[in-house]
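Here is the structure we will look at.
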Amino acid sequence: MGISHRHQVIVVGAGLSGLRAALEAKKEGLDVAVLSRVQPVRSHSIAAQGGINASLANAEGGHDDNWEKHAFDTVKGSDYLADQDAVEIMTKEAPGIVYEMEHWGCPFSRTKEGLIAQRPFGGAAFPRTCYASDITGHALLHTMYERSVKENIKVYEEYLLLSIVKDANACVGIVALEVATGELVTIEADAVIMATGGYGRIYNKSTNALINTGSGMAAVYMTAGVPLKDLEFVQFHPTSLYGTNILITEGARGEGGYLYNCKGERFMKTYAAKAMELAPRDIVARSIQTEINEGRGYDNEYVLLDLRHLGREKIMERLPGIRDICIHFAGIDPIDSPIPIQPGQHYSMGGIDTDPKGATSLPGLYAAGEVACVSVHGGNRLGGNSLLDTIVFGKLSGRFASEYVKTKKKSGQGQALSLHLQKIKDNIHRLENSTGKEKPTDVRNQLKETMTENAGIFRQKSKLQTGLAKVKELKERYKNIHISNKGKKFNLDLVRNLELEGKLELAEVIVAGALNREESRGSHFRTDFPERNDEKWLKHTIASFVNGAVKIDHKPVTITQFKPQARTY
Amino acid sequence: MVTFKIARFDPDKDKEPRFQTYEVPAEKEMSVLEALFYIVENLDGSLAFRYSCRGAVCGSCAMRINGQNRLACQTLIKKLGSDTITISPLPHLAVQKDLIVDMAGFFDKYEKIKPYLINNDPIPDKEFKQSIKERAKIDEMINCILCGNCYSACTMAATNSDYLGPAALTKAYRFYADSRDTANEERKKLVGGEDGVYRCHTLFNCAEVCPKNIVPTYSIQKLKGAA
Numbered sequence: 156m157g158i159s160h161r162h163q164v165i166v167v168g169a170g171l172s173g174l175r176a177a178l179e180a181k182k183e184g185l186d187v188a189v190l191s192r193v194q195p196v197r198s199h200s201i202a203a204q205g206g207i208n209a210s211l212a213n214a215e216g217g218h219d220d221n222w223e224k225h226a227f228d229t230v231k232g233s234d235y236l237a238d239q240d241a242v243e244i245m246t247k248e249a250p251g252i253v254y255e256m257e258h259w260g261c262p263f264s265r266t267k268e269g270l271i272a273q274r275p276f277g278g279a280a281f282p283r284t285c286y287a288s289d290i291t292g293h294a295l296l297h298t299m300y301e302r303s304v305k306e307n308i309k310v311y312e313e314y315l316l317l318s319i320v321k322d323a324n325a326c327v328g329i330v331a332l333e334v335a336t337g338e339l340v341t342i343e344a345d346a347v348i349m350a351t352g353g354y355g356r357i358y359n360k361s362t363n364a365l366i367n368t369g370s371g372m373a374a375v376y377m378t379a380g381v382p383l384k385d386l387e388f389v390q391f392h393p394t395s396l397y398g399t400n401i402l403i404t405e406g407a408r409g410e411g412g413y414l415y416n417c418k419g420e421r422f423m424k425t426y427a428a429k430a431m432e433l434a435p436r437d438i439v440a441r442s443i444q445t446e447i448n449e450g451r452g453y454d455n456e457y458v459l460l461d462l463r464h465l466g467r468e469k470i471m472e473r474l475p476g477i478r479d480i481c482i483h484f485a486g487i488d489p490i491d492s493p494i495p496i497q498p499g500q501h502y503s504m505g506g507i508d509t510d511p512k513g514a515t516s517l518p519g520l521y522a523a524g525e526v527a528c529v530s531v532h533g534g535n536r537l538g539g540n541s542l543l544d545t546i547v548f549g550k551l552s553g554r555f556a557s558e559y560v561k562t563k564k565k566s567g568q569g570q571a572l573s574l575h576l577q578k579i580k581d582n583i584h585r586l587e588n589s590t591g592k593e594k595p596t597d598v599r600n601q602l603k604e605t606m607t608e609n610a611g612i613f614r615q616k617s618k619l620q621t622g623l624a625k626v627k628e629l630k631e632r633y634k635n636i637h638i639s640n641k642g643k644k645f646n647l648d649l650v651r652n653l654e655l656e657g658k659l660e661l662a663e664v665i666v667a668g669a670l671n672r673e674e675s676r677g678s679h680f681r682t683d684f685p686e687r688n689d690e691k692w693l694k695h696t697i698a699s700f701v702n703g704a705v706k707i708d709h710k711p712v713t714i715t716q717f718k719p720q721a722r723t724y
Numbered sequence: 004m005v006t007f008k009i010a011r012f013d014p015d016k017d018k019e020p021r022f023q024t025y026e027v028p029a030e031k032e033m034s035v036l037e038a039l040f041y042i043v044e045n046l047d048g049s050l051a052f053r054y055s056c057r058g059a060v061c062g063s064c065a066m067r068i069n070g071q072n073r074l075a076c077q078t079l080i081k082k083l084g085s086d087t088i089t090i091s092p093l094p095h096l097a098v099q100k101d102l103i104v105d106m107a108g109f110f111d112k113y114e115k116i117k118p119y120l121i122n123n124d125p126i127p128d129k130e131f132k133q134s135i136k137e138r139a140k141i142d143e144m145i146n147c148i149l150c151g152n153c154y155s156a157c158t159m160a161a162t163n164s165d166y167l168g169p170a171a172l173t174k175a176y177r178f179y180a181d182s183r184d185t186a187n188e189e190r191k192k193l194v195g196g197e198d199g200v201y202r203c204h205t206l207f208n209c210a211e212v213c214p215k216n217i218v219p220t221y222s223i224q225k226l227k228g229a230a
């Protein structure tokens, strides 16, 4: 019957959200374990650079900061699609969770008074982004992992989640593949918390880790009967390193970096005269892409991010990681040369539809962090708000999942799990023994190309239709893919092809949602509908998996204190 | 074309590792990690290796490339300046398959040194104060990505499996030197025994292979001075 384990709570994903959720469930006295595709410090939270927003009011110019100002900036940044009750929770929790991470040892950079240092970031009028030089994600994730070691959190390392299992009423566990052995494992649990991050690798120019395939999000969509929300809102980071698309932090502009086109113009004056380089990401990414599209880039591919005027000392102190990345991956030193950058897929505003407690429509299934959509980011996330989201909603989902476990009635989960396991075994057996001729690499690469080409920064009806048709074609071709490796241990071929199935489904949701939404809002820009249309579209997209295809519905946005207004910077 | 000679080994089937050769059309800025993906996708789906961030921050893809422990993602083919690239797993660690090694021993050592801030003072409402100067003392150590390059390169760790090794000791010093940590006496005991700092013979093998340019020997010497 294979290997099976039982825990009261199983958290899937060991980045900031997952570890924070597990720590909270442990604090609540529950038997909790984490299951992860990688050793925890290999998770993608590690790659966050610039910082985490909280109204600590430590910095010059920001001494009167408070949660309402942070909430307003977040809502305006979201192009009014964020749910304002959720934003209120996040921004009120922000200072507390930043102090907690500091108490747990996070090595934040400091002000001359010895307080946590804060830097300017896009979409805020003054410094609110707490940072540890330019490795804030690294500093936070290591601290969170250190805490999880202290608290003896059990981690199942190197497992790929394949399926959520439910009985008639509730989520009862998961099925996963142990990558080291190739064995299928069932974990029975009273509550499952999803914290598996985003799907960046659906696009061919992405800042994301290679493990960001969206497999967790797809597993929930396909196997839990839980819908995804607002998946057409894809963030393109303005500054990814040309060539590898490794992230070059917004902090580089926060510290005073300039963007130049090939004519030597600081072109942001045309697009956001006041905020300039520190306009929100959607606006800066579109501006850069416009410059490139209109022939004012270099090689029709990139523009320049210039840090030289900051001087060696400031670069070495505030942006040493960026300098290393440029030296190792582009062969240039930003102290002496401008950095070639282009927009790259960076973040998913959309995700598993949850409420502010992290709860989904399936009792016992919770989600937090990038995999989830509460929604606190709406149509466009502000830089520095994702690290915040991961920890705040990691904690809250851990708390409310624990509350659920303590009050729920026992159900007979064993049977649902074993029935389900058989289904998955059959599926993998079929995949392994497929006599199809399709090369997975072709399907994977064509998917990435079509997404970047047809569902990128600028979108329009005909391209989205082309994209949707292509994704559907690739879904058909996937049925005939051939897996060459029949081995059990560390079978990358199998793992990557299991992930590919989910990528295709998520791609369909993104493109269908983008085609459906006939307006421009936040990161979703339709050249054929260039204006925001609150009358028709101030609502969330809800996408469900019905008979193997996406079905789109809607849900209202929660508006409390900030009435939608024109969004200028 | 660049020739890759890659160590293949499955401890369940093979008595000893063998080298398999692959020809990869190396593009301009291709990294070794990208070449490994080229191989898996086009030449041999059975090759196993670890990967995640591809940007030298996660520590997954440490391996031995042309005789030195490196991160595959951070190693550009053109920089190796060679038409033949030989890759084997990190030395002195048990191989699970091909380029994947068992990191359990490495993380055991990490856990042994109590890798977390200990502060027994009352917790303030806001942050613990720390001056810029105090914070600067741990600048270098906090860059560690726990890739294992140093541990695998350390002659002392290779010959004594109980030695805490350069990464764990750097982590220990990171907390020892943190002005917010109040457990220095305990930390001195944790690193002071014969499997601790005195095992280091200052050969600097660790520093040579660190992808983050950390010098673990510095932390170890500082701890020697204290313990």
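Protein chains in written order, with this note's numbering: chain A, 156 to 724; chain B, 4 to 230. Virtual Cβ for every residue (Gly too), placed ideally from N, Cα, C. Since the model is a prediction, treat every value here as computed from it, not as a measurement.
Chain A contact for B:V43 (CB, 9 Å cutoff)
Taking Cβ atoms only, chain A reaches closer than 9 Å to B:V43, which makes this a yes.
Interface partners of B:V60 on chain A, CB under 7 Å
I201, A202 and H293
Interface residues of chain A around B:L149 at Cβ under 7 Å?
V196
Name the chain A residues whose beta carbon is nearer than 9 Å to that of B:E32?
Chain A residues near B:E32: G398, T399, F484, A485 and G486.
Kindly say whether A:R274, judged by its beta-carbon, lies nearer than 9 Å to any beta-carbon of chain B.
no
Distance CB(A:E654)-CB(A:S200) smaller than 9 Å:
no
Do A:Y521 and A:V242 count as a contact pair if the criterion is CB distance below 9 Å?
no
Under three-state DSSP, which class holds A:T362?
coil
Would you mind working out which of A:S516, A:L317 and A:G409 sits nearest A:K578, comparing C-alpha positions?
Nearest in C-alpha terms to A:K578, of all of A:S516, A:L317 and A:G409, is A:L317.
Does A:T723 pass the burial test, meaning 16 or more other C-beta atoms within 10 Å, or should it be called exposed?
By the beta-carbon neighbour count (other beta carbons within 10 angstroms, threshold 16), A:T723 is exposed.
A:G328, DSSP secondary structure in three states
Strand, per DSSP.
Using C-beta distances below 8 Å, list every residue in its chain close to A:L517, excluding the 5 sequence neighbours before and after it, in chain order.
I319, K321, A325, C326, A379, G380 and V381
Endpoints, the beta strand (DSSP E) within which B:T24 is located
R21 to V27
Could you tell me whether any non-hydrogen atom of the ligand COA is closer than 8 Å to the CB of A:E410?
By its list of ligands, the structure shown contains no ligand whatsoever, and the ligand COA lies outside what it can speak to.
Assumed close pair A:L171, A:G549 - CB separation to whole angstroms, cut-off 8 Å:
6 Å
Reduced DSSP secondary structure (H/G/I, E/B, other) of A:V528
The residue you asked about is not Val; residue 528 of chain A is Cys in the sequence shown. Correct three-state label for A:C528: strand.
So the alpha helix (DSSP H) B:N2 belongs to, where does it begin and stop?
In the structure displayed, chain B extends from 4 to 230; residue 2 of chain B sits before or after that span and is not available.
What are the residues in the segment 151-176 of chain B lying within 8 Å of chain A by C-beta distance?
So nothing in the stretch comes that close.
With A:V664 and A:V705 assumed to form a contact (beta carbons below 8 Å), what rounded beta-carbon distance in angstroms separates them?
5 Å
Would you mind giving the Cβ-Cβ distance between A:S361 and A:I496, rounded to the nearest angstrom? I have them listed as a contact below 8 Å.
Not a contact, Cβ separation roughly 14 Å.
DSSP beta-bridge partners for A:L396?
A:I496
Which term fits A:A514, buried or exposed, when burial requires 16 or more other beta carbons within 10 angstroms of its beta carbon?
When all chains shown are included, A:A514 counts as buried.
Should B:D294 be labelled buried (16 or more other beta-carbon atoms within 10 Å of its own) or exposed?
Lying before the first or after the last residue shown, residue 294 of chain B is absent from chain B, which here runs from 4 to 230.
So the beta strand (DSSP E) A:G506 belongs to, where does it begin and stop?
G506 to D508
Does the contact criterion of 3 or more C-beta pairs under 8 Å hold for the segment 519-535 of chain A versus the segment 670-680 of chain A?
yes
So which residues on chain B does A:K305 lean against when the C-beta distance must stay under 7 Å?
Chain-order list of chain B residues neighbouring A:K305: Y119, by C-beta distance under 7 Å.
Determine contact between the segment 195-211 of chain A and the segment 235-253 of chain A, defined as no fewer than three beta-carbon pairs at a distance below 8 Å.
yes
Considering only residues of the same chain and omitting the five flanking positions on each side of B:I42, which have a CB-CB separation below 8 Å?
F7, I9, Y25, V27 and L50
Supposed contact pair A:E674 and A:K691 - C-beta distance, whole angstroms, cut 8 Å:
7 Å
Can you pull the chain A neighbours of B:E130, defined as C-beta to C-beta under 7 Å?
Y254, E257, L270 and I271
Using a C-beta to C-beta distance shorter than 7 Å, which residues of chain B count as neighbours of A:A335?
Q99
Only counting the same chain, and skipping five residues up and downstream in sequence, which positions put a Cβ closer than 6 Å to that of B:A29?
V5 and I80
Looking only at DSSP bridge pairs, what is B:M66 linked to?
B:R73
How about A:A610: is its C-beta nearer than 9 Å to some C-beta of chain B?
Among the CB atoms of chain B, none fall inside 9 Å of the CB of A:A610.
I'd like the list of long-range same chain contacts for B:L226, defined as Cβ closer than 7 Å, with 5 residues on each side in sequence excluded.
L172, A175, Y176, Y179, V194 and V200
Can you give the Cα-Cα distance for B:T89 and B:A75, rounded to whole angstroms?
12 Å
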